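**Q** My numbering applies: residue 112 is where the sequence shown begins, and numbers increase by one.
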Amino acid sequence: MEVFLYGLWMRIASWFSPKILRWLQSRKDWREKLVAGREANKPVIWVHIPSQTIQSQYSLLLQNLQQAYPKAQLLISYEEAPAELDEETEELHYLPLGTRKNVEDWMDILLPTLVVMVFPELPDRILKECKEREVPVYVVGTRLEKGDALLSLAGRRQLRKSLSLATRVFVEDQDTAQRLYNKVRLDEALCTVVGD
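1. Which residue wins for smallest C-alpha separation from L145, given the options R211, L233, L206?
2. Please name the residue in L270, I187, L222 whose C-alpha comes closest to that of N152.
3. What are the boundary residues of the alpha helix (DSSP H) that includes V146?
4. In terms of alpha-carbon separation, which member of L276, I156, N175, L291 lies closest to T253?
5. So which of T164, K182, L276 has the shortest CA-CA distance to A192?
6. Is the number of C-beta pairs between the region 126 to 136 and the region 157 to 171 that are closer than 8 Å three or more?
7. Excluding the 5 residues preceding and the 5 following S188 in the sequence, name in chain order all residues of the same chain whose CB lies nearer than 6 Å to its CB.
8. How big is the Cα-Cα spacing for L264 and L274?
9. Is the beta carbon of C241 closer than 7 Å to that of V251?
10. Rounding to the nearest angstrom, what Cα-Cα distance links R236 and L276 in this structure?
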C-alpha cells in the first residue's frame, strides 16, 4: 500500500517538478525495454547504480565483472534519471517503482545469476526477491561517515534489514566496517573491507 501511495504521490508531484516528471518518463515502457535489452541465451549479471554520473567510479568493477564472466550479459540499471532524456538515455534501464508485481516482472525478465548493488541504493523488495530466488547479491561502495543519516535509529534499522539480505557487503574503509558492526549491528562475517 505504501508503494502504491508513493506512486500516486509521484504522479501528482510530476505536475510541479520536472525532475519527478523525468523519473516517471524514464520508466515508461520499462518491461518492453528490458525484454529488448536482454540478450537471449546469456546469463545476466545485473548491476544497479544510483545514477549515470557516478558510473565512472565503478568502471574498474564493471571491467572486472566482464572479464570474470565473459559469456554473461552485463546489464546496468539506474535509479536516477539524467537531467535530460534523449534517444541515448531512453535506451537505458531504470528500476521501476518497487511494487511486488514490478519486482517480480523485473526478475522474471532478467533472470539474473548475480546482482551487484551500489550503496546506498538498496531496494528492499528486490533484495527480498533475490533472497527468495537464491540469487547472490553483492553490495559495493559502502561508506558511512560519522553523523551519516543512515546511522540514525530509523536509518540503522533499515540498513540492517537491507544489508542482512545481501550475500556480501564490500566496504570502503575500516571505520565504515566498525560502524556497521557496532552501530548497525551487522554480522562481521558479511563484510569485507576492500578500499576505494
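No residue lacks a Cβ here, since even glycine has one placed at the ideal position from N, Cα and C.
Just so we're clear, the structure is a prediction, and the values are computed from it rather than from any experiment.
**A** Taking the definition as stated:
1. Cα-wise, what sits closest to L145 is L206.
2. Closest by C-alpha distance to N152, out of L270, I187, L222, is L222.
3. Run containing V146: 141 to 148, per the alpha helix (DSSP H) assignment.
4. Closest option to T253, judged by alpha-carbon separation, among L276, I156, N175, L291: L291.
5. Residue T164 is the option with its Cα nearest to A192.
6. Result no; under three Cβ-Cβ pairs closer than 8 Å.
7. Correct list, in chain order: H159, H204, L206.
8. Roughly 15 Å between the two C-alpha positions.
9. No, the Cβ-Cβ distance between V251 and C241 is not below 7 Å.
10. Approximately 10 Å, taken between the alpha carbons.
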